[in-house]
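Colleague:
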Amino acid sequence: MKLREGLWLVGSGQFGFEMTHRLDCNIYLIGDGDEYALIDAGAGVDTELLLSSIESTGVPASRIRKLLMTHAHADHAAGAAALRQRLDLWTIASKDAGPWIESADIDRTSIGAAVFAGVYPPDYLYQPCPIDETVSDGDIIEVGALSLKVIETPGHARGHISFALDEGDGMSLFAGDAIFAGGKIVLQQIWDCEIDAYARTIARLNDLRIKRLYPGHGPFLLSAADRHIAKAYDCFEKLELPPNL
Numbered sequence: 000m001k002l003r004e005g006l007w008l009v010g011s012g013q014f015g016f017e018m019t020h021r022l023d024c025n026i027y028l029i030g031d032g033d034e035y036a037l038i039d040a041g042a043g044v045d046t047e048l049l050l051s052s053i054e055s056t057g058v059p060a061s062r063i064r065k066l067l068m069t070h071a072h073a074d075h076a077a078g079a080a081a082l083r084q085r086l087d088l089w090t091i092a093s094k095d096a097g098p099w100i101e102s103a104d105i106d107r108t109s110i111g112a113a114v115f116a117g118v119y120p121p122d123y124l125y126q127p128c129p130i131d132e133t134v135s136d137g138d139i140i141e142v143g144a145l146s147l148k149v150i151e152t153p154g155h156a157r158g159h160i161s162f163a164l165d166e167g168d169g170m171s172l173f174a175g176d177a178i179f180a181g182g183k184i185v186l187q188q189i190w191d192c193e194i195d196a197y198a199r200t201i202a203r204l205n206d207l208r209i210k211r212l213y214p215g216h217g218p219f220l221l222s223a224a225d226r227h228i229a230k231a232y233d234c235f236e237k238l239e240l241p242p243n244l
């Protein structure tokens, strides 16, 4: 699904557009014509379907060179190993999340808890994936002529990062699970989901005046994303919680 020039939604599961496997997050393909990157990897259950979706964009596989991951949860990162192998990708994650993805840490990725809760089937496997580069807040990731700025956005998960792109007419944010359309968030009963950190993240994003929002689940926003982020911010300011996705 082409969203803008040089940007496609190539994967999305049951909480989005049902394009690929139901457990997948929203997966984006972005580039400038010479080089492209995938943002998030999905759950890794049906890689062939995802690769078919990527191929349908017409972007040559040889030009897709990087995989950026927002956090270590399985629906965003467990598909990384297969994609790295099939497309020969340079994998990028935060300094916290990187080691957990590399080791497929049952506790730190919360996959053990998610399987126990029935979110994933009992036989689900999180495949470990080598991480080629770890990044921190403020780092710049070059994708051809595009410059994506790393923004630390903890709250939903430890080591969560988002990627901001200044497109001249406004800021775009690839937000992972930090914020969603309608000002929704995702709070879960897992070890690293922290309300205080989430409130600080939303306050920071509110200050950025984001125009376009590309979240990890659900609909994307091609304009006025700042109004949606402000809804979540206002809830926290009133000592309330924003609605959960």
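Per numbering that gives the first Met the number 0, the very first residue in the sequence shown carries number 0; after that it's consecutive. For every residue, glycine included, the Cβ atom is placed at its ideal position computed from N, Cα and C.
#1: Report yes if the C-beta distance between PRO153 and GLU193 is below 8 Å; otherwise report no.
#2: Between which two residues does the alpha helix (DSSP H) harbouring GLY97 extend?
#3: Ignore the nearest five residues each way along the sequence and tell me which others in ASP176's own chain have a CB closer than 6 Å to its CB.
#4: Whether or not the stretch 36–43 and the stretch 58–75 are in contact is what I'm after, with contact meaning three or more pairs of Cβ atoms, one per stretch, closer than 8 Å; do they touch?
#5: Keeping to the same chain, check which residues put their C-beta closer than 6 Å to that of ASP74; ignore five residues upstream and five downstream.
#6: Considering only C-alpha positions, which residue in the set ASN243, GLU239, GLN84 and ALA71 is nearest to LYS183?
#7: At what residue ranges does the stretch 54–94 contain a whole run of the alpha helix (DSSP H), taking only runs of 4 or more?
#8: Based on Cα-Cα distance, which residue from MET170, LYS94, PHE235 and GLU132 lies nearest to ILE201?
#9: Looking only at its own chain, which residues have a Cβ that is under 6 Å from the Cβ of LEU164, when we skip the five neighbours before and after it?
#10: Can you list, in chain order, the residues of its chain whose CB lies under 6 Å from that of GLU132, leaving out five sequence neighbours each side?
#11: Look at TYR119 and PHE173 and say whether their C-beta atoms are less than 8 Å apart.
#12: Go ahead and pull the three-state DSSP assignment for GLU193.
#13: For the beta strand (DSSP E) containing GLU132, list its first residue and its last residue.
#14: Which first and last residues belong to the beta strand (DSSP E) in which GLU141 is found?
#15: Would you report the Cα separation of LEU220 and ILE29, rounded to the nearest angstrom?
#16: Under DSSP, the alpha helix (DSSP H) around ALA36 begins and ends at which residues?
#17: For a test of the three-state rule: what should DSSP assign to TYR232, helix, strand or coil?
Modeller: The answer reads as follows:
#1: Yes. Within cutoff.
#2: Start and end: 96–102.
#3: Non-local beta-carbon contacts of ASP176 in its own chain, meaning distances under 6 Å to residues more than five positions away in sequence, involve HIS155, VAL185 and GLY215 in chain order.
#4: Contact holds: three or more Cβ-Cβ distances are below 8 Å.
#5: Hits under 6 Å: LEU22, CYS24 and ALA42.
#6: The shortest Cα separation from LYS183 among ASN243, GLU239, GLN84 and ALA71 belongs to ASN243.
#7: DSSP runs (the alpha helix (DSSP H)) wholly in the stretch 54–94: 73–76 and 79–86.
#8: Looking at the Cα atoms, PHE235 is the closest of the given residues.
#9: Around LEU164: LEU147 and SER171.
#10: The residues are ILE91.
#11: Taking a C-beta distance under 8 Å as the contact criterion, TYR119 and PHE173 do not qualify as a contact pair.
#12: Reduced to three states, the DSSP call for GLU193 is coil.
#13: For GLU132, the enclosing beta strand (DSSP E) begins and ends at 132–134.
#14: Where GLU141 is concerned, the enclosing beta strand (DSSP E) starts and stops at 139–142.
#15: Taking the Cα positions, LEU220 is about 16 Å away from ILE29.
#16: No alpha helix (DSSP H) holds ALA36; the beta strand (DSSP E) holding it covers 35–38.
#17: The three-state reading of DSSP puts TYR232 in helix, counting H, G and I together.
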